[in-house]
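I have placed the structure first, in the form of structure tokens, so that the comments after it can refer back to it.
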Amino acid sequence: MRFPQSSSPTSRRNLLLGTAAAGAMFAAGCTSNENNDSDENSKQAANTANDKPGKAVTIGFAGPQADHGWLNAINEQAKRRAKEYKDVTLEITEGSNDTAQQIGQIETLINKKVDVLVILPADGKALTQVGLKAMRAGIPVVNLDRVFASPQAYRCWIGGDNYGMGLNAGHYIGEQLKDKKNAKVIELAGIDNLELTRQRTAGFNDALKNYPNIKKVGRQAAEFTVESGQSKMAQLLQAHSDFDALWNHDDDQGVGAERAIKQAGRDDFLMVGGAGAKHAMDAIKADNTVLKATVLYPPTMAASAIDLARALGQGKGVGGLAELEIPASLTLYSAVVTKDNVDEYLPTGFS
Amino acid sequence: MNSPGSTPASSPPADPAPVPGAGATLTAGPVGKPPAGRTGTDPLSRLRRLADLRNLSLVGVLAVLIAVGGFTKPDEFLSTDNLQLVLTQASVIGVVTVGVTFVITSGGIDLSVGAMVALASVWATTIATQEYGLGGILLCAVLVGLGCGLVNGVLIAYGGMVPFIATLAMLASARGLALQISDGRTQVVTVDPVLDLGLPDSYVLGIPPLVLIFAAVTVLGWLVLNRTTFGRRTVAIGGNAEAARLAGIDVKRQRLMLYLLSGLCCGVAAFMLVVLTGSGQNTNGNLYELDAIAAAIIGGTLLSGGRGTITGSVLGVLVFTTITNLFALNNLQSDVQQIAKGAIIVAAVLVQKGRSTP
């Protein structure tokens with residue numbers, strides 16, 4: 001729950017990425033040693049992206065306004081990963097939630113003739129045209145998270161699995177409650193007019209179908225903000241004097257939800273969060289609140305998008321895959337972080 | 001919607017204990033009408049005037065909502081916990097609405113309240129401030145609110161800017177600044193006295209401290225608007241600013257004070273929100289401007305100025321909060337809540353329109 005806002009998380013992240021980079025280099029070293037044993041393998045390794053400097057690539061990055069912990073982490077992950085590569089120059093635009101403004105920013109990047117574009121659209125459907133425009137101008141697009149309406153508008157899509165988030169949250173809760181008769185669960189959803197919220201809820205409902213002893217008795221939509229999380233959770237607690245589990249779609253609104261739970265003095269259920277914020281992981285690790293798990297929607301996807309864009313710019317494939325080109329789409333896994341594995345994931349927690 | 005019959009006749013004298021003193025002759029509309037039937041001398045009508053009969057329709061709406069709540073969720077809705085919750089949730093937006101009521105009564109508008117709450121909450125919860133504890137956070141929130149109010153007031157009163165535009169500009173820049181200061185992060189509060197204020201242990205005779213602050217602001221607001229020169233001047237410049245100026249009221253200074261007052265209320269509300277959520281976030285106070293203006297208008301404050309009622313505004317806030325609570329208890333989704341909110345705004349305004357223009 002409590003974490004300082006000063007430079008310490010940043011430096012921790014630096015340290016971590018440094019370690020990760022070192023690890024990757026070590027791994028790359030191992031691979032190349034092995035490759036010496038076989039000529040065929042070494043040929044392939046030469047055509048995959050690795051940490052060794054290659055052809056210089058300018059990557060344009062356009063994302064929405066970072067008014068939310070997760071989006072903020074997306075920007076930071078992209079910047080930090082780009083800084084690790086000597087051959088990568090990152091042209092980053094000021095984030096905007098205004099569709100017209102974001103289109104203008106992407107057009108500027110096209111005019112600057114960047115080599116590859118990474119775009120996290122504020123609204124995937126509305127920005128499809130500008131994605132198409134970039135592709136037609138010969139600039140390959142890596143579409144991050146919110147997907148464009150046409151596959152022609154991007155070369156590669158990488159993003160999270162909203163349906164999988166709901167599914168894994170549902171399965172985790174199901175396993176915890178499988179021996180309990182007439183178990184009740186409630187759901188604190190995110191913004192209801194977003195496609196992703198509907199997908200998360202659909203996955204959750206589908207998972208619960210495997211557990212006939214569990215019934216979902218309540219659901220309220222909040223707005224991904226602390227204030228809405230507190231207010232909607234307080235109401236849910238009033239409406240349901242007893243239930244066994246709660247799934248909250250988003251750790252940012254979870255700060256408010258946990259506050260409401262504390263104010264109501266309730267601790268008779270288990271709570272599962274979503275997204276993977278650092279404060280949530282800290283609480284899971286300390287194991288002194290109702291929060292027992294969080295389902296990841298990892299912002300590290302932005303760093304991976306930079307990796308993919310670099311490989312794309314250098315005309316290389318991805319290490320570890322037989323293909324000569326990068327994949328057309330990559331869906332990240334929504335892992336469930338619990339007390340047992342929290343140390344592993346804590347470094348990816350965002351604040 | 002209800003309470004037919006008795007109210008129309010007695011509504012003119014029920015105007016916010018209307019300005020018997022200096023500014024009275026300057027106010028527009030209702031004051032000119034002859035008082036009907038009962039005059040303000042007998043105790044009963046004095047009591048009625050205090051209760052602000054214009055708001056009977058809102059009291060009726062509230063009564064219907066409470067009845068529906070008691071009928072659909074008898075165990076949950078009327079429980080002490082739930083009543084504490086409804087009042088607590090009304091508190092933050094309620095304090096903002098009291099400030100906005102003053103501004104609208106004077107013929108102005110303040111669109112920046114939500115943004116001021118966001119900025120004040122974020123600034124007040126940055127690390128540097130948290131080192132100074134409860135008092136530091138409160139002081140910082142209030143000062144930021146006052147600072148924004150000062151800018152609004154100077155631009156409008158002395159810069160001659162239209163209130164709509166000046167406060168719209170403040171809305172944009174205060175939200176931007178809140179985003180910049182917080183860097184998009186949720187500022188979690190680590191000061192125990194602040195966090196404790198929101199917990200049941202701190203309740204006074206079962207009343208949460210936030211509700212006490214709300215009650216105090218309401219009573220103060222009512223007294224200032226209805227019983228002081230400041231209040232009379234506010235109503236007077238809302239009715240006819242030129243006439244008020246000719247009558248010797250320093251209209252510019254009064255306007256400045258009103259936007260300062262709105263900013264002050266936002267600062268206090270921001271502090272309350274920090275207590276409630278245990279954090280400050282740049283998304284705080286989202287759409288407060290619309291909620292506060294809607295509550296004031298359905299409460300009977302004229303958007304064109306010249307008439308304002310604090311009790312009406314507070315009732316308006318309570319109606320909205322009760323609806324939200326009622327719908328959540330019955331597990332209805334937010335789309336239905338929004339539709340109902342719209343319908344209630346329309347209904348309440350129609351009822352009042354029907355009454356004030358016979």
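Residue numbers (full-length UniProt numbering), protein chains in the order written: chain A, 1 to 351; chain B, 1 to 358.
Using N, Cα and C, we set each Cβ at its ideal position, and we do this for glycine too.
Membership of A:Ala275 in the beta strand (DSSP E) is indicated by the continuous run 270-275. Comparing C-alpha distances from A:Ala277 to each of A:Asp206, A:Pro299, A:Met271 shows the shortest one belongs to A:Pro299.
A:Trp157 has A:Asn143, A:Ser329 as its beta-bridge partners, per DSSP. Within chain A, no residue has its beta carbon less than 8 Å from that of B:Ser57; the closest one is some 26 Å off. In the assembly as shown, A:Pro121 is a buried residue. Its beta-carbon has 16 or more other beta-carbons within 10 Å.
With distances taken between CA atoms, A:Lys112 lies nearest to A:Ile139 out of A:Ile139, A:Asp268, A:Asp98, A:Glu94. For B:Ser279, a Cβ of chain A is located within less than 8 Å of the residue's own Cβ.
Burial check for A:Ser241: the Cβ neighbour count within 10 Å stays below 16, so the residue is exposed. For A:Asn248, the pairing in a beta bridge is given by DSSP as A:Leu188. One alpha carbon belongs to A:Ser150, the other to A:Leu194, and they sit about 19 Å apart. Proximity to A:Phe269 across A:Lys215, A:Asp251, A:Lys292 peaks at A:Lys292, based on C-alpha coordinates.
Under the Cβ criterion (8 Å, minimum of three pairs), the segment 167-181 of chain B does not count as touching the segment 298-310 of chain B. In the DSSP assignment, A:Gln220 falls outside any alpha helix (DSSP H) and lies within the beta strand (DSSP E) extending over 214-221. For the segment 58-110 of chain A, the full-length alpha helix (DSSP H) segments reaching 4 residues or more read 69-84 along the chain. Contact check for A:Val255 and B:Gly278: beta-carbon distance about 7 Å, within the 8 Å limit, so the pair qualifies.
The three-state secondary structure of B:Thr126, taken from DSSP, is coil.
Between A:Gly203 and A:Leu167 the beta-carbon gap is near 4 Å, inside 8 Å, which marks them as a contact. The Cβ atoms of B:Leu85 and A:Ala234 sit closer than 8 Å to each other. Within the segment 164-190 of chain B, the residues whose Cβ lies closer than 7 Å to any Cβ of chain A are, in chain order, Leu179, Asp183, Gly184, Arg185, Thr186, Gln187, Val188, Thr190.
Of the candidates A:Ala260, A:Ile214, A:Asp123, A:Ile110, the residue whose Cα lies closest to the Cα of A:Leu188 is A:Ala260. In the displayed model, B:Gln281 falls within coil according to three-state DSSP, outside both helix and strand. Beta-bridge partners of A:Gln238 (DSSP): none assigned. Residue pairing by DSSP places B:Gln187 opposite B:Gly280 in a beta bridge. When rounded, the separation of the alpha-carbon atoms in B:Ala348 and B:Val211 is 25 Å. By DSSP's assignment, A:Phe350 forms a beta bridge with A:Ala277. From the listed residues A:Ile110, A:Ile119, A:Asp307, A:Met281, the smallest Cα separation to A:Asp87 is found for A:Asp307. The straight-line gap separating the alpha-carbon atoms of A:Gly317 and A:Arg155 is approximately 13 Å.
The straight-line gap separating the alpha-carbon atoms of A:Gly69 and A:Asn162 is approximately 17 Å. Shown in chain order are the members of the segment 193-207 of chain B whose Cβ falls below 8 Å from a Cβ of chain A: Gly198, Leu199, Pro200. The segment 75-90 of chain B makes contact with the segment 314-330 of chain B: 3 or more CB pairs, one atom from each, lie closer than 8 Å. For A:Ile119, the uninterrupted beta strand (DSSP E) run begins and ends at 116-119, by DSSP. Taking 8 Å as the Cβ-Cβ cut-off, the segment 102-125 of chain B has no residue approaching chain A. Residue pairing by DSSP leaves A:Ile261 without any beta bridge partner. With a threshold of 8 Å between beta carbons, A:Asp145 makes no contact with chain B. Cβ-Cβ separation between B:Gly114 and B:Gly285: approximately 4 Å, consistent with a contact (criterion under 8 Å). The residues Gly317, in chain order, have a CB closer than 7 Å to that of A:Glu325 in the same chain once the five nearest residues on each side in sequence are set aside.
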